[in-house]
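If you read the protein sequences in the order shown, they are chains A and B. All residue numbers for the first sequence refer to the working numbering, where the first residue is 13 and numbers rise by one. All residue numbers for the second sequence refer to the working numbering, where the first residue is 946 and numbers rise by one. C-beta atoms are modelled at their ideal positions from N, C-alpha and C, and glycine is treated no differently.
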Amino acid sequence: MMHRAFSLGSDTQEMWGLLQMNCLIAPKEEKTAEPAPAKPPSDVPRPAPPPRQPPRRTPTRIAQPRSDRDQAEQLTRPTPAADVRDKVPPARHCLDLQSGHHRIALATSGEILLGRFDPHASANPDIDLSFDDRESLAISRRHARIIGHKGNHLIEDMGSTNGTLVNGKRLMIGQKVLLLPGDRVVLGNHEFLYQPLPGLKAASGPESQVYLWVAFTGRRFSLPPWGEVIVGRRDPIVNFVPDIDLAEEEEAAQVVARRHVKIIARQGRHYVEDMGSANGTKLNGAPLGIGARGLLDLGDHLWLGGCVLVYDVES
Amino acid sequence: MSRQTTIIWKIDGKEMIYIPSGKFLMGSDEGVGNEAPTHTLRLDAFYIDRYPVTNEEYKRFVDATGHPVPCYDVDWVDASDYNWDPETRTPPSGKEKHPVVLVSWEDAQAYAAWAGKRLPTEAEWERAARGTDGRRWPWGDEFVEDRCNSKESGAGGTVPVDQYSPDYDSPDGVGDTVGNVWEWTSSLFRPYPYDTDDGRESQEAKGWRVLRGGSWANDLDRARCTARLDGDFVFYNNVGFRCAVSVQADEGNREKLFDIFRRAFDVPRPPKKV
C-alpha cells in the first residue's frame, strides 16, 4: 500500500540464490558448470542484498540549502547523495533494435523489465516497447527481464506468449542466459543486438540533435542544449502547460503528473530531476529519489509513472 | 441548528465531530467542470477530525513510530518555511498549531493507521465541510474574504487551524475545511457522480488521490466546499490532511466499533441508530 507506485517487487536477492544453485548460465553448456574462460565465472558472488522494496522516493531529507550560484557546479560534480548514478553505475552495453532506431541502455546493476505499457496494468515495465511493437503486437506486458551484475547482463523470459530467443534458441522457463557482445536477442518479432553502448561524445557532434521520444507513441521532443524544460501534462483547469507536454500521448499520458520531471541542460549534457510526481520516476529501472539528479546517456530510459521516454540522438 | 457530538480521540488527542448518516448534496455545476454534476448521495455516519492534523500532533506520530519528518531540499517547492529540524525532529517553531504540510498521501495514511483512523473519502470531506444544503462555503453562499485562509487573506502561508473557529465552521462544527491547506482524501480522482463502490475507494489501486479544500495559495473560488484537485505530486507546501472514523455498526465491524469507543477518551453518548 505504501509503495503502490513501485509494486514491482525486487526479488533479486532470491533470484541470485536460485542462479547459484541452478547455474543456468549458458544454454549450450549442459552439465558443465565451468564456463568458457572468456566468460565471467559462473559462481557469481552474491551481490549485497538490495532493499526488498526500495523505499518509495527515498528523499534526500535535507541537505544544505543551495544557492543558484552553486547549482551549475553541483551539476557537474553532484553530491554523492544527490546522484542516482552512484547507485546505478553508467550503462556500458545496450540492446539495439535492428528494425528501427531504439537503443536500450542497460544499467550495470539492478534489473529492468522489458514489455509493453498497459494503462490498466497494476505495474508497468521499465522499458516500453509499445511503439516498436505497434503492428505485430507480439510483445507481452511483462516480456523479459535483464539482470545486471558488475557490467554483465543476464536475460530471462517472464513467461511471455511469444517467448524470448537468444541466438535463435528459445529460453526455457526460469532459464537465465548471460549475454555476450554480438548476441542476438529476439523478443516477439523484434531482433535486438547486444553490443557496447556508443559514447555520447562520439555520437553527438555539435550539430546533432538530442531528443526524448515517447516509447508509447513514437513522438519526438527535441531537447535544448542549454536551460531547463519541464516535462509533464497540460491541465487546462489550472491553466498549466509544461514545456514538453505529454497530454497527447494517449493512455500513457494518464500516469504523467502536471509537473513530472525537469530536464536540465548544461554543456550539452542533460540531467533529470523528479518534481515530486505522485507516481515517481525511474532511470533505467532505478527509482530516482526526491531531490536526486540523474545524468542522461544515449539509450537511457526515463519511466514517468509508466510512460517511458527514450533519450537518444539523431543519427 | 448544530447539535454537535464531539469526542476526543485518545491516541492523537484530536477533537472529532460526529456526522450523522443521511443524504446530502454533492458536487456543483459551477467551477472548473470536474465538480459536475450536482448529485444526491447517502453516507453512513462517521466521525471526522474537527481540524487538520497539526505539526504538534504529527510530532506525536513521528515520535511514536520513527516515521521520517517532513524536511526536504528540492527546488520545485519552497519548503524552507515548513521544514522540520531533522536533528531534533521538531516542527518549525511558532508553527506548532499550524497544519502539517510537506506530507505525502502515504505519510497521511501512515498517520491514520497509527491513530487507528483512516482518511475521509472525498464525499465525507464534502459532507463535513458543507452540511446537507449544497452551500458553496462552510459559512454559506456568499463570497466573503477573511473567513478562511485563502489567497485573499494575504497570510501567504499556513495559519493556526483554529484561526477562523468557531465563527466560520461548517454547519456541523468542522473547522478549517476550506483554505489553509489542501487535504488528502482516500478517494481516487474519478469523474462524478461519486460512487463509493466503483473502485475509486481502493486503497491499493494506483492513481491520483483527490485533494479538497483549497489552500492559502488559492483564491476563494478554488477554496470552496466542492473544489477538487488531483494530487499528482508527492507533497507540497500547501497540502495536509485530517482523518475520519466510521461508526456504522454492522455484523462485520461491531467489534471494531466497540474498540473505537473504548479508545475514544470521552463519549457523551453513543451514536443514535438511524
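Pick helix, strand or coil for residue i, following the three-state DSSP scheme.
i, result
"histidine 114 of chain A", "coil"
"serine 1038 of chain B", "coil"
"glutamine 86 of chain A", "Interpretation of glutamine 86 of chain A is limited by its pLDDT of 39, a score under 50 that renders its predicted location unreliable; the figure taken from the coordinates is listed afterwards. In the structure shown, glutamine 86 of chain A sits in a helix (DSSP, three-state: H, G or I)."
"asparagine 201 of chain A", "coil"
"lysine 1220 of chain B", "Here chain B has residues from 946 to 1219 only, and residue 1220 of chain B is not among them."
"asparagine 1094 of chain B", "coil"
"phenylalanine 143 of chain A", "coil"
"tryptophan 1021 of chain B", "coil"
"asparagine 1000 of chain B", "helix"
"glutamate 900 of chain B", "The displayed coordinates of chain B run from 946 to 1219. Any statement about residue 900 of chain B would go beyond what the structure contains."
"arginine 281 of chain A", "strand"
"tyrosine 963 of chain B", "strand"
"glutamine 65 of chain A", "Residue confidence for glutamine 65 of chain A is low, a pLDDT of 41 falling below 50, so the modelled location carries little weight and cannot support an answer."
"aspartate 1052 of chain B", "helix"
"alanine 119 of chain A", "coil"
"phenylalanine 1006 of chain B", "helix"
"glutamate 240 of chain A", "strand"
"glutamine 187 of chain A", "coil"
"asparagine 34 of chain A", "The predicted model places asparagine 34 of chain A with a pLDDT of 35, which falls under 50 and marks its position as unreliable; any figure quoted below should be read in that light. Looking at asparagine 34 of chain A - three-state DSSP - the assignment turns out to be helix."
"arginine 1075 of chain B", "helix"
"valine 1155 of chain B", "strand"
"valine 325 of chain A", "strand"
"glutamate 1128 of chain B", "strand"
"glutamate 263 of chain A", "helix"
Write down the C-beta distance between residue i and residue j rounded to the nearest angstrom, noting that I regard them as a contact closer than 8 Å.
i, j, result
"asparagine 1028 of chain B", "serine 1095 of chain B", "Not quite, the Cβ-Cβ distance comes to about 24 Å (not below 8 Å), so this is no contact."
"histidine 313 of chain A", "aspartate 195 of chain A", "Not really, about 20 Å apart at Cβ, beyond 8 Å."
"leucine 126 of chain A", "leucine 141 of chain A", "6 Å"
"valine 1014 of chain B", "proline 997 of chain B", "Going by Cβ atoms, the distance from valine 1014 of chain B to proline 997 of chain B rounds to 17 Å, so no, they are not a contact pair."
"histidine 1012 of chain B", "alanine 1055 of chain B", "6 Å"
"leucine 235 of chain A", "histidine 282 of chain A", "6 Å"
"phenylalanine 204 of chain A", "phenylalanine 129 of chain A", "So it is not a contact: roughly 18 Å between Cβ atoms."
"proline 1176 of chain B", "tryptophan 1153 of chain B", "Residue identity differs from the one stated: residue 1176 of chain B is glycine in this sequence, not proline. With a Cβ gap of about 5 Å, glycine 1176 of chain B and tryptophan 1153 of chain B count as contacting."
"alanine 156 of chain A", "asparagine 296 of chain A", "That belief does not hold up - the Cβ atoms of alanine 156 of chain A and asparagine 296 of chain A are roughly 15 Å apart, past 8 Å."
Anything in chain A within Cβ reach of residue i, meaning under 7 Å, just list it in chain order.
i, result
"glycine 1176 of chain B", "Ala290"
For residue i, collect the residues of the same chain with a Cβ closer than 6 Å to its Cβ; drop the 5 residues on either side in sequence, then sort them by chain order.
i, result
"valine 1155 of chain B", "Glu1067, Thr1130, Ser1132, Phe1134 and Arg1173"
"tryptophan 225 of chain A", "Arg232 and Val322"
"valine 320 of chain A", "Asp140, Ala227 and His313"
"glutamine 221 of chain A", "Ser234 and Glu326"
"glycine 200 of chain A", "Ala150, Ile151 and Asn174"
Once the 5 residues before and after residue i are set aside, which same chain residues still bring their CB inside 8 Å of it?
i, result
"glutamate 1146 of chain B", "Thr1066, Ser1131, Ser1132 and Leu1133"
"valine 1106 of chain B", "Tyr996, Pro997, Thr999, Lys1042, His1043, Pro1044, Gly1120, Asp1121 and Asn1125"
"threonine 910 of chain B", "Summary: the structure shown does not reach residue 910 of chain B, with chain B confined to residues 946 through 1219, and so no result is reported for it."
Starting from the beta carbon of residue i, find every residue of chain B whose beta carbon is closer than 9 Å, and list them in chain order.
i, result
"valine 117 of chain A", "The question names valine, but residue 117 of chain A in the sequence shown is alanine. What alanine 117 of chain A touches in chain B: nothing, since even the nearest Cβ is about 26 Å away."
Give the interface partners of residue i over in chain B, defined as CB-CB distance under 7 Å, in chain order.
i, result
"arginine 154 of chain A", "None at all; the shortest Cβ gap to chain B is about 16 Å."
"arginine 270 of chain A", "Asp1177"
Any heavy atom of the ligand PLP inside 7 Å of the beta-carbon of residue i?
i, result
"glutamate 1001 of chain B", "Among the ligands in the structure shown, none appear at all, so the ligand PLP cannot be discussed."
Which residues of chain B have a Cβ atom closer than 8 Å to the Cβ of residue i, listed in chain order?
i, result
"isoleucine 249 of chain A", "Val977, Gly978 and Asn979"
"arginine 196 of chain A", "Within chain B, no residue comes near arginine 196 of chain A; the closest Cβ sits about 35 Å away, beyond 8 Å."
"lysine 274 of chain A", "Trp1021"
Along chain A, in chain order, which residues have C-beta atoms closer than 8 Å to that of residue i?
i, result
"phenylalanine 1180 of chain B", "Gly288"
> Between the region 994-1023 of chain B and chain A, which residues of the former have CB atoms less than 9 Å from a CB of the latter, in chain order?
Replying inline: Pro1013, Val1014, Pro1015, Cys1016, Tyr1017, Asp1018, Val1019, Asp1020, Trp1021 and Val1022
>> So if I threshold CB-CB distances at 9 Å, which residues from the region 278-306 of chain A count as touching chain B?
In response: Glu285, Asp286, Met287, Gly288, Ser289, Ala290, Asn291, Gly292, Ile302 and Gly303
> Listed in chain order, which residues of the region 1113-1134 of chain B have Cβ atoms closer than 8 Å to some Cβ of chain A?
Replying inline: none
>> At a CB distance below 9 Å, what residues from the region 1138-1164 of chain B approach chain A? Give them in sequence order.
In response: Gln1148, Glu1149, Ala1150, Lys1151, Gly1152, Trp1153 and Arg1154
> What residues from the region 123-144 of chain A come within 7 Å of chain B, judged by C-beta to C-beta, listed N to C?
Replying inline: Cβ contacts with chain B come from Ser134.
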